[in-house]
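The numbering used here applies: residue 1185 is where the sequence shown begins, and numbers increase by one.
Ideal placement from N, C-alpha and C gives every residue a C-beta, glycine not left out.
Note that the structure is a prediction, hence the values are computed from the model and not measured.
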Amino acid sequence: MHIIQQLSVLILSIILFTDFTVINADNYVEEDVDEIAKDNMTEECIGQKEFCNLSREDYIAMLNDYIYPHTYEWVLIGTHTLVFITGLVGNALVCVAVYRNHSMRTVTNYFIVNLAAADFMVILFCLPATVLWDVTETWFLGDVLCKMLLYFQSVSVTVSVLTLTFISVDRWYAICFPLKFKSTTGRAKTAILIIWALALTFNAPELVVLTTEKSVPLRFELEYLVQCLATWSSNSDLVWHIIKVIFIYTLPLLLMTVAYHQIVKVLWRSEKIPGQAETIKLAPAEQTQLRSRRKAAKMLVAVVIMFAVCYFPVHLLSVLRYTLDMEQTDVITCLALISHVMCYANSAINPLIYNFMSGKFRREFRRAFCCSTASDLENFTTLSRITTSKKRPCDLMTFETRAQGRNVCSTTFIHSSYKDRYILT
């Protein structure tokens, strides 16, 4: 009996020990699972904690909803689309107009074509990428295009301001000192090459420092919220923007202001063509030439004013963002988007200025849309040049048409209502 009791106690002890061991093992397993879950949660949960429980699909859907355009952004897209179409068509027409009409191949118009070519390329290549970037807050085009497109955009702006500066200097010499400097198309072509060389060299640092970086940490490897940024320090970035504001905006505008002020004084405070004696009374043709030069000066001044107005906000924001350490509020974001629109609008508005203020460009724009017919030629007259009495051979004349089976050559002047449009400025 005593032996049976001892065996019963021994069996009960073994059972209790076994249960205790199993319970402790289960507790250890649960604790290990909790620790592993915590470790996994720590590794996967990057960014804000309220998004840690989202699956990959839900997380991507949330990001897509975030970058989807809002109402005001659709207005921005529509505005850029209008600028895109207007800029491409207008700048292409400027190049076509000068190419088709030999009488328009003047020194000033060569510079205008260079300006139009730069504007055309920046609108075609840079505007769509910038709109996508502004709306989605993401640079989707990779590291290479980050360097190339932003670099080319800066080059185009530099080409524009240098071209306007060269035009003002050329007109200043031609009008204020006509006997000291002879402006030729060959020198204009050389100046254009110099302009592009300077622009490519000046903006070379951006080609080195620009790269893509993720501005916000994401849970998964996703190409969202990637930015195209410069890798140098904030101080270096500030210095670079100040240099651009001084040399690519302020100093050229001061030079152009002085040049056009002198040009206006000469053309409007005198009733003679520069270079002629005071006692010579202007003939009707010379009066027409003076009016033509005044029109050209007004057009160029309007182009410079529009450049100054359109690029002022973006330069101002660039400097204030670094000097005042402004936070990225909704107001600042809106102002930045508007400043971007104005920069691209400047590239599209120049052809409109030419159309409204230059009869030559206006007529060539119309010719680009509707080809001249035989009925149009009835309005043309074969007037000889008013600046010379020598006859010119057929191959040197501007217009050459066929009528009634014969070659009919006319001079650079057509119907009397258009004659003042073809005086070279």
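Whole-angstrom C-beta distance between residue j and residue i, which should lie under 8 Å
i: residue 1338; j: residue 1291; result: Incorrect: roughly 27 Å between the Cβ atoms, too far for contact.
i: residue 1278; j: residue 1300; result: 4 Å
i: residue 1346; j: residue 1296; result: About 14 Å; that fails the 8 Å criterion.
i: residue 1506; j: residue 1418; result: 7 Å
i: residue 1396; j: residue 1310; result: Not a contact, Cβ separation roughly 16 Å.
i: residue 1315; j: residue 1251; result: At roughly 13 Å, the Cβ-Cβ gap does not stay under 8 Å, so residue 1315 and residue 1251 are not in contact.
i: residue 1293; j: residue 1282; result: 5 Å
i: residue 1362; j: residue 1319; result: Going by Cβ atoms, the distance from residue 1362 to residue 1319 rounds to 52 Å, so no, they are not a contact pair.
Whole-angstrom distance between residue j and residue i, CA atom to CA atom
i: residue 1450; j: residue 1430; result: 29 Å
i: residue 1161; j: residue 1433; result: With the chain represented from 1185 up to 1609, any question about residue 1161 goes unanswered, as that position is not in the structure.
i: residue 1398; j: residue 1536; result: 40 Å
i: residue 1350; j: residue 1486; result: 16 Å
i: residue 1441; j: residue 1259; result: 35 Å
i: residue 1353; j: residue 1443; result: 7 Å
i: residue 1448; j: residue 1359; result: 10 Å
i: residue 1589; j: residue 1453; result: Interpretation of residue 1589 is limited by its pLDDT of 38, a score under 50 that renders its predicted location unreliable; the figure taken from the coordinates is listed afterwards. If you take the alpha carbons of residue 1589 and residue 1453, they lie about 51 Å apart.
i: residue 1445; j: residue 1534; result: 21 Å
i: residue 1548; j: residue 1504; result: 44 Å
i: residue 1246; j: residue 1394; result: 29 Å
i: residue 1244; j: residue 1266; result: 32 Å
i: residue 1255; j: residue 1324; result: 22 Å
i: residue 1326; j: residue 1264; result: 22 Å
i: residue 1509; j: residue 1422; result: 11 Å
i: residue 1511; j: residue 1517; result: 10 Å
i: residue 1581; j: residue 1550; result: The predicted model places residue 1581 with a pLDDT of 35, which falls under 50 and marks its position as unreliable; any figure quoted below should be read in that light. Roughly 21 Å between the two C-alpha positions.
i: residue 1560; j: residue 1328; result: Note that residue 1560 scores 45 on pLDDT, short of 50, meaning its location in the model is unreliable; the coordinates nonetheless yield the value given after this. Looking at the two C-alpha atoms, the distance is approximately 51 Å.
i: residue 1438; j: residue 1532; result: 24 Å
i: residue 1285; j: residue 1554; result: 15 Å
i: residue 1473; j: residue 1308; result: 37 Å
i: residue 1377; j: residue 1288; result: 20 Å
i: residue 1481; j: residue 1248; result: 51 Å
i: residue 1401; j: residue 1519; result: 26 Å
i: residue 1236; j: residue 1415; result: 30 Å
i: residue 1488; j: residue 1365; result: 23 Å
i: residue 1490; j: residue 1552; result: 26 Å
i: residue 1322; j: residue 1471; result: 58 Å
i: residue 1567; j: residue 1383; result: A caution first: residue 1567 carries a pLDDT of 35, below 50, which makes its placement in the model unreliable, though a value can still be read off. Going by the C-alpha atoms only, they are around 44 Å apart.
i: residue 1242; j: residue 1546; result: 56 Å
Those residues which DSSP pairs with residue i across a bridge
i: residue 1480; result: Residue 1480 is not bridged to any residue.
i: residue 1405; result: BP columns for residue 1405 are empty, so no partner.
i: residue 1412; result: 1396
Pick from the options that is closest to residue i, judged by C-alpha positions
i: residue 1476; options: 1412, 1363 and 1542; result: 1542
i: residue 1332; options: 1313, 1251, 1553 and 1321; result: 1313
i: residue 1356; options: 1478, 1547, 1505 and 1256; result: 1478
i: residue 1435; options: 1354, 1284, 1532 and 1348; result: 1348
i: residue 1514; options: 1257, 1242, 1247 and 1239; result: 1257
i: residue 1335; options: 1243, 1392 and 1315; result: 1392
i: residue 1381; options: 1491, 1414 and 1343; result: 1343
i: residue 1502; options: 1483, 1428, 1538 and 1489; result: 1428
i: residue 1304; options: 1287, 1322, 1280 and 1320; result: 1280
i: residue 1306; options: 1276, 1412, 1255 and 1324; result: 1276
i: residue 1483; options: 1539, 1437 and 1512; result: 1539
i: residue 1412; options: 1298, 1317 and 1519; result: 1317
i: residue 1500; options: 1402, 1489 and 1425; result: 1425
i: residue 1238; options: 1489, 1403 and 1321; result: 1403
Residue i at chain C interface by Cβ criterion, 8 Å
i: residue 1443; result: Checking the listed chains, one finds no chain C in this structure; it contains a single protein chain.
- [ ] Examine the Cβ distances between the segment 1400-1411 and the segment 1368-1377 and report whether three or more of them are shorter than 8 Å.
- [x] no
Task: Cβ contact check for the segment 1495-1509 and the segment 1521-1537: 3 or more pairs under 8 Å - done: yes
Open item on the list: Any contact between the segment 1526-1533 and the segment 1268-1276? By contact I mean 3 or more CB pairs, one from each, below 8 Å.
Closed with: yes
- [ ] Would you check if the segment 1333-1351 and the segment 1380-1398 touch, i.e. whether three or more CB-CB distances between them fall below 8 Å?
- [x] yes
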